[in-house]
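With the numbering used here as the guide, the letters of the sequence shown map in order to residues 1466 to 1611.
C-beta atoms are modelled at their ideal positions from N, C-alpha and C, and glycine is treated no differently.
This report concerns only the one structure given below.
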Amino acid sequence: MLLILVDVDGLKQINDSLGHSQGDSALRRTAEVLRKTFRNSDVVARMGGDEFAVMAIEASCNSETAIRKRLNDQLTKINSDSGPYKLSLSLGIARVDPRSSSSIGSLMVRADCAMYAQKRGRPNGTMATAETVREKMLRDCGQTSG
């Protein structure tokens, strides 16, 4: 399984410059993107504010890459409508290892660290590759990839 934390980029700026109705719209659009990206068997929940969490049941080793592609595709579709802003999301992914006894708290810390590494390491409006995020997360969290 994968624990994925998703953050709506720039929600405060949307609220401050365009009003809370546009901020609410950004949250609804994010929920729509996530609903279309993930399967019915995956659990998608809003954590509060501008953060969502997803528990995705993995079908294969490369599901992280497939999820990122589907998410990019859905963002491209929803952003094709002209509007006052383009929806942009940052995400952090932590893989659940069934052989270890990781707590949900430690998984959330790893996913959160990966999400902020992505936010710091990419130009606005682009999503980092899985490997880029993984390497930045390991560096930022004081771990090595070996």
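So the beta strand (DSSP E) residue i belongs to, where does it begin and stop?
i, result
"I1469", "1467–1473"
"V1574", "V1574 -> not in any beta strand (DSSP E); alpha helix (DSSP H) instead, spanning 1569–1585."
"V1508", "1508–1513"
"E1529", "It is not in any beta strand (DSSP E) - E1529 instead sits in the alpha helix (DSSP H) that spans 1528–1544."
"E1516", "1516–1521"
Tell me whether the beta-carbon of residue i lies closer than 8 angstroms to the beta-carbon of residue j.
i, j, result
"V1519", "V1508", "yes"
"V1471", "E1516", "yes"
"I1532", "S1506", "no"
"S1567", "G1475", "no"
"Y1581", "L1483", "no"
Contact defined as beta carbons within less than 8 angstroms: I believe residue i pairs with residue j. What is the distance between those atoms, to the nearest angstrom?
i, j, result
"V1473", "T1502", "The Cβ separation is near 14 angstroms, so there is no contact."
"L1536", "L1468", "Not confirmed; about 15 angstroms, so no contact."
"G1557", "D1577", "6 angstroms"
With which residues is residue i paired in a DSSP beta bridge?
i, result
"S1555", "D1472"
"R1504", "Answer by DSSP bridge pairing: none, since R1504 is not bridged."
Name the residue from the options whose alpha carbon lies nearest to the alpha carbon of residue i.
i, options, result
"A1579", "D1481, S1567, R1560", "R1560"
"R1500", "G1586, P1563, D1538", "D1538"
"G1514", "N1527, D1489, K1534", "D1489"
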